[in-house]
Amino acid sequence: METDPQRMERIVSLCKRRGFIYQAGEIYGGLNGVWDFGPLGVELKRNLKDYWWRVMVRERDDVVGMDGSILTHRAVLQASGHEDTFSDPMVDCDVCKRRFRADQLAEPPAFFGLFDIVFLGNNDSHIGQTKRSAGGDSLGDAKRKVKIQAAYIQPRETKDLRIDLESGKKGNRTPCCTHCGSDLSESETRPFNLMFHTQIGASSDPTSTAYLRPETAQSIFVQFRNVLDTSRKKLPFGIAQIGKAFRNEINPRNFIFRSREFEQMELEYFCAPEEGLRLLEYWLEERLKFYDNIGISRAKLHVLNVPDADRAFYSKGTYDIEYEFPFGVQELEGVAYRTDYDLTQHQTASGKPLDYFNEETKERFVPHVVEPSAGVDRTLLALICEAYDEEIVTAENGKSETRTVMRFHPRMAPIKVGVFPLLKNKPELVAKAREVHALLKPHMMTFYDEAGAIGRRYR
């Protein structure tokens, strides 16, 4: 699919203007990759989480819920492998000193152009274009990137410099810095651990180290025995959780799609080893039905059967449910068959039994796990993108204008009912409208307005 950056910009603008989403700490310049949800955003998010909990927990006899702590014992994430391996490849730009994920670097156009940089003193420079091939950046964009590079090159180091931004012929492009356009193909790539760590108590001893959880799943695995014993469930059964997770992303991007603080909706469904692959297919279909039921078009969803080489080594099968965002097709949810890896890791590291005894077959084994894991924020963004619509209407002056309409599915709509008395100077109408509003408020989010013309109010 083709991306639509302008549409995404309009969606981001609407989210702030109408009270869906704001950048955290905005009056202080903002906190990158962290977001606050406004009056409409928080209602939309609540509707999404409530419906997920309803279909995944309350309407089922084989699933129970839990709410694990955000602060996570270091030993938990050592056993799970997160402390050693939960990282992204990172690369530094030697020119502008920014950092990027090495696996998500931009490719430059076939030709940027060739420019002369003539320093005039201090950090000012004159950009003279000596050659530019068709098919590259616009002249303005290319000059902007050259100016950025020139700003980091001190005049005392050289008087004149020619910067060649011609980054290779088609089919032979090198990764480049998305900020200044510099070639990053020779830059060293190194792992960057994504977990936020903190200290418990006043001690600085290494044993006091803890982490903000990078996923909600691990607390479910650690509490498997307690939940099994207290709920008296038999396999197959699941433990569900909705909660915050934290990842120190190198490059948060695409609005709330990839951020440093986010929420997950996860189910760990425990089963016998021979049931794993069947349940993987079952949960994939259940999750696709969920998106149908909240108003996300099946036509815009893609199911990727993740190839063996791209799956976690312990997974016997993974599906990614993807959505056509304006910035491209991206993952909404993963449905993974994690086998017995997690419970086995924690059983070995802790020395505590996390196996299961089947009363009927008299077998004892470590349960396998199928995990549907969805991002609240990503799904919320998909709902907003799906609902966003622009229509041409005729204004009062007879001219055509574009009107933005949010066409949410009724289950997800932040406001369910609007109550508007026809005339505010008719006390009997106003009284009846307020009575209707009062009757509805305990059951759903409603909106009352008596100001202005009735036509403008319901539009």
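Under the working numbering, read the sequence shown as residues 247 to 705, first letter to last. Each residue gets a CB set at the ideal place from its N, CA and C atoms; glycine is no exception. Since the model is a prediction, treat every value here as computed from it, not as a measurement.
Residue 515 to residue 495 span [Cα, whole Å]: 28 Å
Residues near residue 598 in its chain [Cβ-Cβ closer than 6 Å; skip 5 each side]: none
Nearest candidate by alpha-carbon position, reference residue 574, set 554, 587, 563, 547: 547
Proximal residues to residue 690 (C-beta, below 8 Å), its chain only, five neighbours per side dropped: 662, 663
Span separating the alpha-carbon of residue 525 from that of residue 467: 18 Å
Straight-line gap, residue 284 to residue 273 (C-alpha atoms, nearest Å): 15 Å
Among 667, 673, 672, 671, nearest to residue 682 - alpha-carbon criterion: 667
Contacting residues, own chain, Cβ-Cβ under 8 Å from residue 549 (five flanking each side not counted): 530, 534, 565, 566, 567, 568
Inside the stretch 503-546 only - alpha helix (DSSP H) runs reaching at least 4 residues: 522-539
Uninterrupted alpha helix (DSSP H) stretches inside the stretch 279-344 (no shorter than 4 residues): 285-299, 320-325, 328-331
Endpoints, the alpha helix (DSSP H) within which residue 251 is located: 251-263
The alpha helix (DSSP H) enclosing residue 234, as first and last residue numbers: This structure does not reach residue 234, given that the chain is present from 247 up to 705, and the question cannot be answered.
Nearest-angstrom Cα separation, counted from residue 426 out to residue 341: 8 Å
Residue environment, residue 673, which counts as buried when at least 16 other CB atoms sit within 10 Å: exposed
Span of the beta strand (DSSP E) around residue 486: 483-492
Three-state secondary structure (DSSP) of residue 560: coil
Between the CA atoms of residue 617 and residue 528 - distance to the nearest angstrom: 11 Å
DSSP beta-bridge partners of residue 664: 693
Test item: CB-CB of residue 207 and residue 456 under 8 Å: The structure shown does not extend to residue 207, since the chain is modelled only from 247 through 705, so no value can be given for it.
Integer-rounded CB distance, given that residue 458 should sit under 8 Å from residue 317: 7 Å
Same chain, Cβ closer than 6 Å to residue 655, neighbours up to 5 away in sequence not counted: 540, 541
Rounded straight-line distance, which links the Cα of residue 585 to that of residue 605: 21 Å
contact_flag[the stretch 437-452, the stretch 322-332] where n(CB pairs < 8 Å) is 3 or more: yes
Simplified DSSP state of residue 655, which is helix, strand or coil: coil
Closest by C-alpha distance to residue 577, when choosing among 300, 500, 488, 486: 500
Meets three-Cβ-pair contact criterion under 8 Å: the stretch 280-294 and the stretch 259-270: yes
Beta-carbon gap between residue 626 and residue 612 smaller than 8 Å: no
Own chain partners of residue 254 with C-beta closer than 6 Å, once the 5 adjacent residues on each side are dropped: 572, 573
Whole-angstrom distance between residue 262 and residue 286, CA atom to CA atom: 10 Å
Residue ranges of each beta strand (DSSP E) within the stretch 436-463, 3 or longer: 443-445, 455-458
Three-state secondary structure (DSSP) of residue 707: Examination of residue 707 is not possible in this model, given that the chain is present from 247 through 705 alone.
Sub-8 Å separation of residue 519 and residue 308 beta-carbons: no
Exposed unless 16 or more other CB atoms sit within 10 angstroms - verdict on residue 472: exposed
Integer-rounded CB distance, given that residue 487 should sit under 8 Å from residue 623: Residue 623 to residue 487, Cβ: 16 Å. No contact.
Three-state class that DSSP yields for residue 358 in the structure shown: With a pLDDT of only 36 at residue 358, under 50, the local geometry of the prediction cannot be trusted, and the value read off the model is given with reservation. Residue state, collapsed to three classes: coil.
Close beta carbons around residue 294, own chain, < 8 Å, minus the five adjacent residues each side: 540, 622, 625, 626, 629, 658
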